[in-house]
Each structure stands twice: as C-alpha cells, then as structure tokens.
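Everything on this sheet refers to the single structure shown next.
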Amino acid sequence: MNGKKILFVSSELVPYLPENEVSLMSYETPRMVNSNGGQIRIFMPRFGNINERRHQLHEVIRLSGMNLVINDMDMPLIIKVASIPRERIQVYFIDNEEYFKRKATFTDENGKLFVDNDERAIFFAKGVVETVKKLNWSPDIIHVHGWMASLLPLYLKKYYADEPLFAESKIVTSVYKKGFEEELDKNMIKKIAFDGVSEDSIKPLASPNYNNLLKVAVDYSDAIILASEDVPQELQEYIGQLEKPVLSYVPIQEFEEAYANFYNNEVLK
Numbered sequence: 005m006n007g008k009k010i011l012f013v014s015s016e017l018v019p020y021l022p023e024n025e026v027s028l029m030s031y032e033t034p035r036m037v038n039s040n041g042g043q044i045r046i047f048m049p050r051f052g053n054i055n056e057r058r059h060q061l062h063e064v065i066r067l068s069g070m071n072l073v074i075n076d077m078d079m080p081l082i083i084k085v086a087s088i089p090r091e092r093i094q095v096y097f098i099d100n101e102e103y104f105k106r107k108a109t110f111t112d113e114n115g116k117l118f119v120d121n122d123e124r125a126i127f128f129a130k131g132v133v134e135t136v137k138k139l140n141w142s143p144d145i146i147h148v149h150g151w152m153a154s155l156l157p158l159y160l161k162k163y164y165a166d167e168p169l170f171a172e173s174k175i176v177t178s179v180y181k182k183g184f185e186e187e188l189d190k191n192m193i194k195k196i197a198f199d200g201v202s203e204d205s206i207k208p209l210a211s212p213n214y215n216n217l218l219k220v221a222v223d224y225s226d227a228i229i230l231a232s233e234d235v236p237q238e239l240q241e242y243i244g245q246l247e248k249p250v251l252s253y254v255p256i257q258e259f260e261e262a263y264a265n266f267y268n269n270e271v272l273k
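Listed below in structure tokens is the structure:
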C-alpha cells in the first residue's frame, strides 16, 4: 500500500461510536493501510451522541461554510476534525445542525428510523465529496462502509461524473449484514432525482430498504467486499450476478493480508 491514497467513508467508527462490525472494520482497515505506508483520509457523520469534548473535535473553518442543496433546501455544511492519537490518524466529520445535532445515530428512543435518514445520507455523500474537493486530494481508492455512506458511489459516478479529481479513483463498497428492518422515506428516489440522477438508474430505491440501498451502492462500485458472514442472501445473489471483483468474507483476525491483496491485485490492477 506504500504511497497509495485511500479515502475511507463510513457510517460509524470506533472510538467515536460503540463497537460493532461496521465501526470496527471502519477503524481497522485504515489503520492497516496507514501502518503499511498508505495515505488515508477518513470521513464519518458528526452524530450528536459523539462526545466532542472528550474526543477533541474542532471545526475547520477553511473547509466549512458552503451550503449543500438537498431536495431544494440549502443546508449549511460544517466540517470538524479530530485525531486518534495512538494511530496518528485524522478523522473528518460531516456536520449540520438540522441533520446531526440529535443525540442518536439512526433511530429515535423507540427504535424507529429517523424520517430524514434519506436526506442525511444524501447530505453526507455530497459533503464528503465537496470537502475532498476543497482538500484537493485525489484518492486511488474510495472505500465505503455502512449504509448511511452507501449513496457515495452513486453520487460519484452520476452527480460528480465530470469531476477530474476522482477520474481515476476506484470505488470499493463493503457490504455488511442487514442494517435496518424498515424502509427509508418513500420520496427518497425523487430527492435523488432532483440532483439530475434519472429514476431509471436507481430503480431499486422505489422501495428504499436496506437491500435495495446496497444494490445501488454495488451497482456504482468497482469492487465489493463481503464484510459480514451473514450478508443477506438476496444481496449475495445480486452481487454474484455482477461482473466485478468480489472479496468473500474474511474474519477480522485474517483481514489485513486479504484486503491489501484485494486492493493491489483486483481493485488497482
């Protein structure tokens, strides 16, 4: 991985959120690349249940200040940053008062999905790309973890298709076990279409459940990693029909060599 630039975009990341399969691999994978001489950038949402004081988050004024249009609404983009000292890794946080101030990640106190999770995902995808553009940092690989990050491949290949910074970037999506049971807002497909993306190119999002969200993610990715042992069967079959490199599930104790080989020999070949 020496000298390779990899952008990691994740829904969740330890130590900022509780440990689960997504948050742990979203930490371990960039740590592996970093320790093997790669250059990394990590992005995640600044959820309101992240302790800003304890983790020493601070706003990056030079990157903040633009507005992103989400479903015909101007939404201010705030960028914060923090470091994971023991690994010397820097993490960028996409923030917005309306979308991320609440003291929870994806669901309310009754376990119901937030009604605006679709808009939060759109905002996150656009916010990451706009920030990387400001950093003028052209990644060799963009590795996506977690369902709230899953619109990034679509937006890179459609909305930002003419952006030269990402012209040579390869997109890898890690697919995990089912992340939620309900559906996101029924109007999600129209909100994405507002950005000039044809509804025909995102047909699965007419029913915006977990499996269909990930189908769109892998459709616009260059390579796929099955990151859970229990990826939904429907998704496994869908991925199996795609003519794209796929890395089968590897336990965390053995992932480093497998992921590095996949990056070098399949994604960047």
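Sequential numbering from 5 applies to the sequence shown in the numbering used here.
Glycine is no exception: its CB is placed at the ideal position from the N, C-alpha and C atoms.
Do you know whose CA, among the options, lies nearest residue i's CA?
i	options	result
K248	A264, S225, G131 and P168	S225
F128	F47, K219 and V222	F47
L158	F184, K116 and P208	P208
M70	P49, E23, T33 and I98	I98
I10	V136, D78 and K130	V136
I243	A221, A125 and N114	A221
G183	L169, P212 and M192	P212
V271	P19, K190 and T177	T177
G115	E167, E185, R57 and F266	E185
K219	Q245, N6, A197 and S232	Q245
H62	S27, V95 and S30	V95
F110	W151, R57 and T33	W151
K107	V132, P49 and P80	P49
M192	V119, V85, I175 and N268	V119
S68	Y267, D78 and I83	I83
I88	D223, V179, I206 and R58	R58
V85	R45, D78 and R124	R45
K130	I93, N75, S39 and N6	N75
E16	T33, V37 and L251	T33
K181	M79, K105, Q60 and S232	S232
P279	N6, D122 and K105	The chain is shown only over 5 to 273; residue 279 falls outside these bounds and no answer can be derived.
I175	V201, D189, N215 and A227	A227
Grab the span of the alpha helix (DSSP H) containing residue i for me, first residue to last.
i	result
R106	Note, R106: premise wrong, no alpha helix (DSSP H); not H, not E.
V271	Unbroken run through V271: none, as it is neither H nor E.
Q240	Q237 to G244
K194	M192 to A197
N265	F259 to F266
How many angstroms separate the CA atom of residue i from the CA atom of residue j?
i	j	result
A171	S142	9 Å
L156	H149	10 Å
L1	N24	With the chain covering only 5 through 273, there is no way to say anything about residue 1.
E134	Q237	35 Å
F51	N100	9 Å
L239	I65	41 Å
Q257	V235	19 Å
A197	V73	13 Å
Q43	I146	12 Å
N265	L28	20 Å
L160	K138	15 Å
E203	R90	45 Å
D112	I54	16 Å
N269	Y263	10 Å
I126	F12	17 Å
K8	A153	22 Å
E187	L217	10 Å
R92	P255	25 Å
I229	K162	22 Å
V282	S30	Past the boundaries of the shown model lies residue 282; the chain is included only from 5 to 273, so the question cannot be answered.
I206	D144	26 Å
V37	D223	25 Å
S14	Y20	12 Å
Y164	M77	19 Å
R35	M5	12 Å
S252	Y267	13 Å
Return the bridge partner residues of residue i from the DSSP annotation.
i	result
R176	For the record, residue 176 in the displayed sequence is Val; it is not Arg. Answer by DSSP bridge pairing, in chain order: H147 and A227.
L251	I229
L117	T111
Under DSSP, the beta strand (DSSP E) around residue i begins and ends at which residues?
i	result
I93	I93 to D99
I10	K9 to S14
> Fully enclosed by the region 35 to 87, which alpha helix (DSSP H) runs are 4 residues long or longer?
Replying inline: The DSSP assignment places complete alpha helix (DSSP H) segments of no fewer than 4 residues inside the region 35 to 87 at 56 to 59, in order along the chain.
> Which ranges would you report for the beta strand (DSSP E) in the region 120 to 164 if only whole runs of at least 3 residues count?
Replying inline: Complete beta strand (DSSP E) runs here, min 3: 145 to 149.
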